[in-house]
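Trainee: Dropping a structure here in structure tokens format, bear with me for questions.
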Amino acid sequence: TSLIRSLKEVAQTCERRRREPYKAAHVLMLYWEKSDIPGDDEEVQQLGDRFRDYFHYDVDIFEIPLDRPDLHLMSKAVEFLKTYDKEESLLILFYAGHGSQIQAGQSTKWSNSWAETDMDPDEGIRKHSSVDSSGIQKMFEQAQAADVLFLMDCCHGYYPSQLTHGDHKGSVKVLVSSGF
């Protein structure tokens, strides 16, 4: 039956993965272009260097713009997944910044600052920006072939979405460094 066939495929995939390392690993590192966290850009660059130099992973560092961050993040995630979502690959999504809960246990809002001030009166530029992370998160959770690792360096870093796995063949793991 199809259930037995599916279970055998999963078992074979797990057995193969225990013996063979990934053919490729790709890291998408996200942080805000302007943030109230001192030195976050340097920390992200240093961690990116470690992934690249020590583990030989492909690293893509993306500064989240304050203007329309949702549009830019979705575009970047789609491009990343279309390029790297392949069997025997590991995809790592790293986020550094602020995080707050949108609804109890359901979603996280990523933001560049705690203060929700819209404009800097002296410079006339937007100071605060945020985006609901659930859209990006769900896209990665539903990667078709690769394994996915979320590394979240923020409060309220991860809430699992209501997964509809479809043809997803990989696994999803999460590591969160958070005060909440």
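Sequential numbering from 211 applies to the sequence shown in the working numbering. Ideal Cβ positions, reconstructed from N, Cα and C, are used throughout, including at glycine. This structure is a prediction, so every number in the text was calculated from the model and none was measured.
If I follow the unbroken beta strand (DSSP E) through residue 342, where does it start and stop?
Mentor: It spans 340-342 - the beta strand (DSSP E) in which residue 342 sits, taken as one unbroken run.
Trainee: Hey, could you find the ends of the alpha helix (DSSP H) residue 286 is sitting in?
Mentor: Looking at the DSSP string, the run of the alpha helix (DSSP H) that includes residue 286 is 279-294.
Trainee: Decide if residue 387 is buried, meaning its Cβ has at least 16 other Cβ atoms within 10 Å, or exposed.
Mentor: Exposed, since its Cβ has fewer than 16 Cβ neighbours within 10 Å.
Trainee: Buried or exposed for residue 363, going by 16 or more other Cβ atoms inside 10 Å?
Mentor: Buried is the call here.
Trainee: Buried or exposed: residue 236, going by 16 or more other Cβ atoms within 10 Å of its Cβ?
Mentor: Buried is the call here.
Trainee: Where does the unbroken beta strand (DSSP E) through residue 361 begin, and where does it stop?
Mentor: Looking at the DSSP string, the run of the beta strand (DSSP E) that includes residue 361 is 357-363.
Trainee: Exposed or buried, residue 281, counting other C-beta atoms within 10 Å across all chains shown (16 or more means buried)?
Mentor: Its Cβ having fewer than 16 others within 10 Å, residue 281 is exposed.
Trainee: Going by the CB atoms, is the gap between residue 241 and residue 251 shorter than 8 Å?
Mentor: Yes, the pair counts as a contact, with Cβ atoms nearer than the cut-off.
Trainee: Answer with buried or exposed for residue 347, where buried requires no fewer than 16 other C-beta atoms within 10 angstroms of its C-beta.
Mentor: Counting Cβ neighbours within 10 Å, residue 347 comes out buried, since at least 16 surround it.
Trainee: How close, in whole Å, do the beta carbons of residue 309 and residue 319 come, if the pair is a contact with beta carbons under 8 Å?
Mentor: Between residue 319 and residue 309 the Cβ distance is about 7 Å, and since that is below 8 Å, they are a contact.
Trainee: Would you list the one or two residues that DSSP bridges to residue 237?
Mentor: The partner list for residue 237 (beta bridge, DSSP) reads 269 and 302.
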